[in-house]
Each structure stands twice: as structure tokens, then as C-alpha cells.
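A.B. asks: Chains as they are written, first to last, in the numbering used here: chain A, 1 to 248; chain B, 1001 to 1248. All C-beta atoms, glycine included, are put in the ideal place defined by N, C-alpha and C.
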DNA sequence: CGTACCCTTGAAAAAAATCAACTTAAGTGG
DNA sequence: CCACTTAAGTTGATTTTTTTCAAGGGTACG
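1. Would you please verify whether the beta carbon of residue 1243 of chain B is less than 8 Å from any beta carbon of chain A?
2. Using a Cβ-Cβ cut-off of less than 9 Å, give me the residues of the stretch 85-96 of chain A that come near chain B, in sequence order.
3. Pick from B:1161, B:1204, B:1050, B:1167: whose alpha carbon is nearest that of residue 1223 of chain B?
4. Which same chain residues, not among the five before or five after residue 225 of chain A, have their C-beta less than 6 Å away from its C-beta?
5. Taking the alpha helix (DSSP H) that residue 152 of chain A falls in, what are its first and last residues?
6. What's the call for residue 3 of chain A, buried or exposed, on a 16-neighbour Cβ count within 10 Å?
7. Can at least three beta-carbon pairs, one atom from the stretch 50-62 of chain A and one from the stretch 87-100 of chain A, be found at a separation below 8 Å?
8. Please classify residue 79 of chain A as buried or exposed, where buried requires at least 16 neighbouring CB atoms within 10 angstroms.
9. With DSSP run on the structure shown, which of helix, strand or coil describes residue 92 of chain A?
10. Over the uninterrupted alpha helix (DSSP H) stretch that includes residue 25 of chain A, give me the two end residues.
11. Count Cβ pairs between the stretch 1039-1054 of chain B and the stretch 1021-1029 of chain B that sit closer than 8 Å; are there 3 or more?
12. What is the C-beta distance between residue 1143 of chain B and residue 72 of chain A, in whole angstroms, given that I count them as a contact (C-beta under 8 Å)?
13. So with Cβ pairs under 8 Å, would you call residue 1064 of chain B a contact of chain A?
14. I'd like to check one pair, residue 130 of chain A with residue 170 of chain A: are the Cβ atoms closer than 8 Å?
15. Name the two residues that bound the continuous alpha helix (DSSP H) containing residue 1065 of chain B.
16. Quick check on residue 202 of chain A: does DSSP put it in helix, strand or coil?
17. Name the residue from B:1209, B:1019, B:1035 whose alpha carbon lies nearest to the alpha carbon of residue 1103 of chain B.
18. Would you say residue 122 of chain A and residue 227 of chain A are within 8 Å of each other, going by their C-beta atoms?
19. Contact criterion: CB-CB distance below 8 Å. Does residue 1229 of chain B meet it with respect to chain A?
20. With 8 Å set as the bound, which would you pick, yes or no: does the beta-carbon of residue 145 of chain A sit closer than that to a beta-carbon of chain B?
21. Which same chain residues end up closer than 7 Å to residue 1258 of chain B when comparing Cβ atoms and leaving out the 5 residues on each side of it in sequence?
22. Between the C-alpha atoms of residue 251 of chain A and residue 125 of chain A, what's the straight-line distance to the nearest angstrom?
23. Counting only beta-carbon atoms, is residue 1136 of chain B nearer than 8 Å to chain A?
24. So which residues on chain B does residue 142 of chain A lean against when the C-beta distance must stay under 7 Å?
25. Within 10 angstroms of the Cβ of residue 1190 of chain B, are there 16 or more other Cβ atoms? Answer buried if so, exposed if not.
26. Look up residue 1112 of chain B in the DSSP assignment and give the residues it is bridged to.
27. Out of B:1015, B:1066, B:1011, which has the shortest C-alpha to C-alpha gap to residue 149 of chain A?
28. Can you check which of these residues, B:1198, B:1234, B:1178, is closest to residue 1262 of chain B by C-alpha distance?
29. Quick one: measure Cβ to Cβ for residue 89 of chain A and residue 1128 of chain B, integer angstroms, because I've assumed they're closer than 8 Å.
30. Going by DSSP in three states, residue 181 of chain A sits in which element: helix, strand or coil?
31. In whole angstroms, what separates the C-alpha of residue 1106 of chain B from that of residue 1087 of chain B?
32. Quick one, which of B:1184, B:1165, B:1237 has its alpha-carbon nearest residue 1070 of chain B's?
33. So for residue 1083 of chain B, helix, strand or coil by DSSP?
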């Protein structure tokens, strides 16, 4: 599929775009790029990425490492999310960006994206929206990390991943393939891998999820959401598939 | 002092502005507004603020409340910070914004600020920078909440507040007036007020800080930074006053 | 000078981390 | 195809950290 129409599809998920903005995007030099799993795209303290990308397939993470060696994952980027929008107008990176799985992205030069953002109202608005939604997710994660116990945290993350994956057509409703290890899940939730394991088991024992390897099936959606105090409003999805309603 | 020149001063702290952008700002309808302590400016789930403001004096917080009643403060806004930039392009608020102390702000209609952001390159860049820096702080806070122990967390927050206050001329170097209770400090660090109290005492016992009421004096800056694993780079301050160097 | 509201401190309980095996699963080379 | 190797998952026992509970003590302000 054409790289430009993929980009347009992503942006239209959340924002309306004028004819002019569509033309601008279609003539902009987006190119496909493949990034191998494990690649470090941005390094904390180094320069921002020369190219800014939209994830088409795969999973990337933003993370920070403390002096004492702990790692905190600060964002998960899946299909439709931007890599390194966070540094678009900053000179020095304040965190790492890493490909967790092989990544396929639509890449564009950073300078060109900046120009687009500042010159085209609709495109600018679309980019702003993306950035503000990511900030909203960050606030929810702070709440998760600071004020919820381990079991609630894990359940919350599972709910978020399920909803986001489903919203971009990555997974069947309530099915979830975790591309990461329990250690990485611990880096998301601020827990040790051992404790993540126990919490997953607890959720499974209570009949909220079922697991086979890293495949997680949400058995009791309402129950898991209650266990995770999950309210999807913070994701600012324009069209959340209603339970029972077929997607348009 | 003139409200427009105050706004210009704030924006120039981080971004260069062209002549045209300055003129645009000076002709924009910024007005002074006073907001009493405790006022709720934005309510989670409600509409964004009709006016967007830059804090001139006082302290405001963004926070979320969990279903089980815990509160997490997700951002602290002091002089020069924007109130409700977070919702500039979103339709429903995803968190509360509240005046912690009496607030004096430069307010402007949300729609007008959006137009300014989209029409004037330099102003747009300045606003983007503010938003991205706030997102960077959020990532550091996630790391603090998820991966640092209680004492380190408290020390880190103290360091951040000291640096940010000093950067906008709010406090003498290494002096800090906490306008909040230990309970509120707990809502920042994800700790109980009792434990915040113990951690403050621990930092004091180790000679890193001194307290008299809510006035905190940083006695050993390097020591406190080490205790808090504090590295100010994530604040993206263009001009951090160097120790010993007088501000220009 | 009383009355809130916060701060402080101790003791006990709960949550999560750590330590230490052991099991399973996946991948590799014979 | 199987044995071997390695990484990840699982489980129990123990220790540490943090919360909870409870009782004073200070301080500001009417």
C-alpha cells in the first residue's frame, strides 16, 4: 500500500484534514523504512532522530534509565503513533526510543515535518492532537504508577493495550499479543518481573484473563476494567468500537 | 507591569520570536486575571477552559483521582507555565486543574490562542516547545514514580522545584517555599503523607536540607541531587544559572 | 485561648522486592 | 529429530519498604 495514503489514514483517525493539507501530505517525502528489533532509534542525551516516523507495524518504546539501573518505560508506540514527536522542537533527547519488535514506519525528515506542522493549519492541528493525547496517556500512567497497587496497575495496562490495539485494527477484540517479556511489562508498571508474574496469575485465577504463552485473552472485559480502574476516556479516541456494534 | 510584555518575557525564555510574532502577541487580547486559591479551573470529564492562561504568580496543579480515591498530581505549574495547554486541541478534559495558591495569570481566549499557534510560525514553535517540555517532565515523573524509592523521589521533587523556581526568579538559589502540605507532596510522589514526613526528616537528618515550617533550605545541593538522582537536563532550560555565575 | 489543621512519632500490618531454586519454552547444532 | 543451551516464566521463603492505624504536639488564626 502507498505510504502517503497510510499516513493520511492514520491522521484522519483523530483529525479532519482540508484538501490542501491532504495534498501537502501527499507531496511530502514520506518513505517506508524498516527498523530491526532492538534498534535504538534515539539515545537519551543525544540528538533527536533526524527523521520523524509514523509506526505502521511493530512496537516501539520510550524509556528512561535511572542512575541505579532501573528502567521505566514511559510510552508504548504502536501502529499510527509517532516516533520522536517528543523531540520535534527540542535539541537534546531526554529519553531513549527503541524498537521492541521489527518496525515498519513511514519516515520523513524532521525539518520537513516541522515546516509542515507550522505551515499547514490542519496538519498542525493533527500533530498537536497526537502530542496532547500522548501527554494525556502520560498523566494516566503517572496516576497508575503513583496511586494504584500492583494488580490494578497490571490490569490497567492490559486494558489500555487491548483498546489501543483494537482501535488501530491490530487485534481482535479482547485478544492481546504481548510482544514483551514480563520484565518489560515490569518496566511499564514499575514492578519487578516476579511480581508482574504473580499479578498476571492472580488475574488469571480470578477468571479475568486467560494466557497461552504471551497471548493474553481477556475473558471478562468488564471485570478486568473494574480490576484495573480502567476508563478509556483519557485515550481520546474519536471512535471507540461499542461493545456489540460492528465497526463502520 | 504590562501584561503583554510579561507574556513576551516568558515565551522568550525558551524560544526566539520574530518581530512579527512579537507584534501578534502584543496585539493579542491577553488580560490579567486573578484566581482564588482552591479554585477548580478545569474538571476532569468537563470542557476545557474557555481561556488559556500563562501563570504569572502562584502555583497550580494538574491532577487525577482514582476510583478508589487516591489523587495523583501530574504536573505543577508555576510562573511562566501554561494552564490548560494540555487541552488546547482536545474537546474533553482528562484531568483536573486547580489553583493551589491565589493565582495571577495572563489569560487569552482558547480559540484565539489556537489561531495564534497555527498562524504564526514562531509563536507556534514556542507553544510546541512548552508542550514538549511538559511532556519531558511527565516522563521524568513516571520514572520517579515507577523506579525510585520514597526517599529518592522526595529528594528529586525538591530538586526540580528548586531549579524551576530559581529559573523564573521565584526563589533565591536553594531556597524553597513549599506552598503545599505534606499530603499534597505525597500526591506528587505517590506516597502517604506520613511517609513523606519521614523522608523529609531523613533528608534533614542527613544534612541535605533544613526546614522551618514549610520553608525548605537546600543545605547540600550536590548531596540532595545525588540522593534524588537529579539531572536537570530533562527540564530543557536554555539558561540554567551556573553555580557562582550571576544571571545576566 | 480555643480550635482547626497539620505535623510528628511509634507500633503493627500489608505490599512488594529480593533471593533462590526449579520448570517450561524456544532456538541451535549435531 | 533430538540433545543441548539459553532465556524467560514460575513458585516459595524471606526481607525490606511502605502503608495503615493511632495517639500526641505545634502552630496559625479567629
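C.D. replies: According to the structure data:
1. Since pLDDT at residue 1243 of chain B reaches only 47, below the 50 mark, its modelled position is unreliable, and the value read off the structure follows with that caveat. So, not an interface residue.
2. 85, 86, 87, 88, 89, 90, 91, 92, 94, 95
3. Between residue 1223 of chain B and the set B:1161, B:1204, B:1050, B:1167, the nearest pair of CA atoms involves B:1204.
4. 159
5. 150-167
6. buried
7. yes
8. buried
9. coil
10. 19-27
11. no
12. 4 Å
13. yes
14. no
15. Segment 1060-1065 is the beta strand (DSSP E) holding residue 1065 of chain B; no alpha helix (DSSP H) there.
16. Helix.
17. B:1035
18. no
19. Chain A contact via Cβ: present.
20. yes
21. With chain B covering 1001 to 1248 only, the question about residue 1258 of chain B has no answer from this structure.
22. Since the displayed chain A opens at 1 and closes at 248, residue 251 of chain A lies outside it and no answer follows.
23. yes
24. Correct list: 1072, 1074, 1138, 1141, 1142, 1145.
25. By the neighbour-count rule (16 or more Cβ atoms within 10 Å), residue 1190 of chain B is buried.
26. Residue 1112 of chain B pairs with nothing; no bridge assigned.
27. Comparing Cα-Cα distances from residue 149 of chain A to each of B:1015, B:1066, B:1011, the minimum goes to B:1066.
28. Because chain B in this structure spans residues 1001 to 1248, residue 1262 of chain B falls outside the shown range and cannot be described.
29. 4 Å
30. coil
31. 17 Å
32. B:1184
33. When secondary structure is reduced to three states using DSSP, residue 1083 of chain B falls in the strand class.
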